[in-house]
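321 is the number of the first residue of the sequence shown in the numbering used here; add one for each residue after it. This report refers to the structure that appears directly beneath it.
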Amino acid sequence: MAHKRICFIIAAFSDGGVNRVVANLSNEFVKRGMEVTVVALSSKYSETRSLYNDEVKLECLNFFRVFSFLPLFWFFLKNRQYDVVISSVEFVNVHTIVAHTFAGLHSKLIVSTHTDLTAEKKQNTSLILKIVYRLSSIL
321 MAHKRICFII AAFSDGGVNR VVANLSNEFV KRGMEVTVVA LSSKYSETRS
371 LYNDEVKLEC LNFFRVFSFL PLFWFFLKNR QYDVVISSVE FVNVHTIVAH
421 TFAGLHSKLI VSTHTDLTAE KKQNTSLILK IVYRLSSIL
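What follows is the structure in structure tokens.
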């Protein structure tokens with residue numbers, strides 16, 4: 321049986337909370353024999369390499385402009401053919417869902433958020449997220 325190929329999509333490499341969760345999950349999946357890649361949309365990974373097991377692949381796409389990078393992101397995901405794609409920050413989730421959907425991928429897409437979607441200040445954003453999140457496999 322082939323190893324599962326898992327891809328985590330994050331905004332940037334940092335030592336923040338979401339990145340630590342991604343590092344912990346990545347390290348555990350590698351220990352269990354899975355192939356794991358962590359992809360940052362827009363930053364280098366200098367100081368955060370130490371969070372990850374040496375077998376975890378780190379990639380930086382250096383995408384800075386939202387609309388110009390979506391086609392490139394589609395091609396990236398389509399060419400890699402991951403079994404599972406996992407995203408966990410609101411704006412990254414939206415981009416990942418759109419790219420995954422338009423690339424016509426059949427892999428599982430898991431998105432998570434660490435925010436209260438009912439917060440009054442996010443009322444407009446909340447509606448967009450509720451619509452787009454329906455396209456994911458698991459929320």
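Cβ coordinates follow ideal geometry from the N, Cα and C atoms, glycine included. None of the values given here were measured: they were computed from a predicted structure.
For Lys-351, which of helix, strand or coil comes out of DSSP?
Three-state DSSP puts Lys-351 in a helix.
Since I believe Ala-343 is in contact with Leu-381 (beta carbons under 8 Å), could you give me their beta-carbon distance rounded to a whole number of angstroms?
18 Å between Cβ atoms; not a contact.
Suppose you measure from the CA of Val-338 to the CA of Ile-430; what does that come to, to the nearest Å?
Those two C-alpha atoms are separated by around 15 Å.
Go through its chain and collect everything with a Cβ distance to Gly-353's Cβ below 8 Å, but skip five positions before and after it.
Closer than 8 Å at Cβ, skipping near neighbours: His-323.
Counting only the same chain and skipping the five closest in sequence on each side, list residues whose C-beta sits under 7 Å from that of Ser-363.
Result list for Ser-363: Ala-332, Phe-333 and Cys-380, in chain order.
Sort Val-341, Arg-325 and Ile-326 by Cα distance to Val-409 and report the nearest one.
Of Val-341, Arg-325 and Ile-326, the residue nearest in Cα terms is Val-341.
What's the call for Phe-395, buried or exposed, on a 16-neighbour Cβ count within 10 Å?
It is exposed - the Cβ of Phe-395 has fewer than 16 other Cβ atoms within 10 Å.
Have a look at Thr-421 and Ser-432 and give me their C-alpha separation to the nearest angstrom.
Computed Cα separation, rounded: 17 Å.
Counting only runs of 3+ residues fully inside the region 378-430, write out the beta strand (DSSP E) ranges in chain order.
As far as the region 378-430 is concerned, its whole beta strand (DSSP E) runs of at least 3 residues are 404-407.
Helix, strand or coil: how does DSSP classify Val-338 here?
Reduced to three states, the DSSP call for Val-338 is helix.
Which residue comes first and which comes last in the beta strand (DSSP E) that contains Phe-328?
Unbroken beta strand (DSSP E) run through Phe-328: 325-330.
Excluding the 5 residues flanking Leu-425 on each side, which residues of the same chain have their C-beta closer than 7 Å to its C-beta?
Counting only Cβ-Cβ distances below 7 Å, and skipping sequence neighbours, we find Leu-397 and Lys-398.
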